[in-house]
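Everything in the sequence shown is counted per full-length UniProt numbering, starting at 1 for the first residue and increasing by one.
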Amino acid sequence: MILIIIYLIAGISQIVILYKKNLAKEMIVSIVFTIMLIAISVGIYIEIIPRNIAIILYRSISKKL
């Protein structure tokens, strides 16, 4: 649970910094990466969603960008 909160704070601060610098593509990548970090940490925490599914999702999204 603490990991999820840390990822949220880090992701939001990174998004705000990139938004102030007007870096649109980097902002999208950081938002996706933050969502995937949260998904992986939730998968570890709950253990209903395996980490493999989160990693496969991350790879498929990173190929599209």
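The beta-carbon is built from N, C-alpha and C at its ideal position, and this holds for glycine as well. Note that this is a predicted model, so its numbers are computed, not measured.
Shortest alpha-carbon distance to residue i belongs to which of the options?
i   : options            : result
A39 : I17, Y58, I15, K63 : Y58
M36 : K20, V16, I17, I53 : I53
Short check: CB of residue i to CB of residue j, under 8 Å?
i   : j   : result
I56 : V32 : no
S30 : G11 : yes
In whole angstroms, what separates the C-alpha of residue i from that of residue j?
i   : j   : result
K63 : L8  : 23 Å
I6  : S13 : 11 Å
I28 : K21 : 13 Å
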